[in-house]
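Those letters in the sequence shown? Residues 1 to 200, per full-length UniProt numbering, in order.
By construction, the Cβ of each residue, glycine as well, lies at the ideal position given by its N, Cα and C atoms.
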Amino acid sequence: MNYFLILLKKELIECMQNKKFWSFVIFVISAVAAIFFAKRKLPEQVYLILIVMLVSQYVFDSCYNDIRSGGALFFLNIQCGSMHIIAAKAVYALIIGTLLFIPAAAFLLKEFGYADLIWLLPFFAFVTGLTYNAAILTKKSDLLTSLVTSVLTLGFLQLLPYIPSLFLRFVILCFLSCLTIMLASKLSKTIKYRTEISAL
1 MNYFLILLKK ELIECMQNKK FWSFVIFVIS AVAAIFFAKR KLPEQVYLIL
51 IVMLVSQYVF DSCYNDIRSG GALFFLNIQC GSMHIIAAKA VYALIIGTLL
101 FIPAAAFLLK EFGYADLIWL LPFFAFVTGL TYNAAILTKK SDLLTSLVTS
151 VLTLGFLQLL PYIPSLFLRF VILCFLSCLT IMLASKLSKT IKYRTEISAL
């Protein structure tokens, strides 16, 4: 538990100091605000994709910073479980995603409401695991990671109309989030990954 609290504090400090992420947030919010006040409409899935992109950007930057700074290797060497490292990122991904979704639901989204947070919370956890895996497998390529994450999440959002039950969405996404986070944990323990971060 002490390790997890340290990780949460670390993630908070890094998130607050992440100029690239906050610049992206300001840019996206400004663009959406301009479209809103111009009284133009975009498909609602576009807004969800933008939220997912922001969450994914946070996770990628956090993952990349761990590798670049040697933080990932340090925590793994002191026997801090990789699951704790990913879970700490998932906590802030859920917070960021929720804070972005609430005003979007109030002003921009008609087909989605606050009740959709039931499945969106595990969805953001799924995005965390997906982004973490993509960042490792694409060797920390920002463009490739964003592309892989966007394509897969867009594909899932296209399937939403075929899963009308919020509870069923929740169950499916809980399963997928656990699957991707467990895979990310396994990848973090591979010799190839440890060798890569040791070489930096």
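{"Query": "What runs of the alpha helix (DSSP H), each 4 residues or longer, lie entirely inside the region 80 to 158?", "Result": "82 to 107 and 117 to 137"}
{"Query": "For Thr180, count neighbouring Cβ atoms within 10 angstroms of its own Cβ and tell me buried if that reaches 16, exposed if not.", "Result": "buried"}
{"Query": "Count the other C-beta atoms from every protein chain shown that fall within 10 angstroms of the C-beta of Phe21, then say buried if there are 16 or more, exposed otherwise.", "Result": "buried"}
{"Query": "Can you give me the C-alpha to C-alpha distance between Met83 and Ile6, rounded to a whole angstrom?", "Result": "14 angstroms"}
{"Query": "Taking only three categories from DSSP, how would you classify Pro43?", "Result": "coil"}
{"Query": "Measure the CB-CB distance between Tyr132 and Ala87 and report whether it falls below 8 angstroms.", "Result": "no"}
{"Query": "Among Cys174, Glu11 and Val52, which has the Cα closest to the Cα of Ile85?", "Result": "Glu11"}
{"Query": "Taking the alpha-carbon of Leu8 as reference, which of Ala90, Asn65 and Phe60 has the nearest alpha-carbon?", "Result": "Ala90"}
{"Query": "If Ala105 sits next to Phe124, beta carbons under 8 angstroms apart, how far is it from one beta carbon to the other, in whole angstroms?", "Result": "Actually they are not in contact, since the Cβ atoms of Ala105 and Phe124 sit about 14 angstroms apart, beyond 8 angstroms."}
{"Query": "When DSSP labels each residue in this structure, what does Ser165 get in the three-state scheme?", "Result": "coil"}
{"Query": "I need the boundaries of the alpha helix (DSSP H) containing Lys20, first residue and last residue.", "Result": "Lys19 to Phe37"}
{"Query": "So is Pro43 buried or exposed if we call it buried at 16+ other beta carbons inside 10 Å?", "Result": "exposed"}
{"Query": "Please say whether Met53 and Ser188 have beta carbons closer to each other than 8 angstroms?", "Result": "no"}
{"Query": "Can you tell me whether Leu130 is buried or exposed? The criterion is at least 16 other CB atoms within 10 Å of its CB, across all chains shown.", "Result": "buried"}
{"Query": "Rounded to the nearest angstrom, what separates Tyr114 and Ser23 at their Cα positions?", "Result": "27 angstroms"}
{"Query": "Helix or strand or just coil, what does DSSP make of Lys186?", "Result": "helix"}
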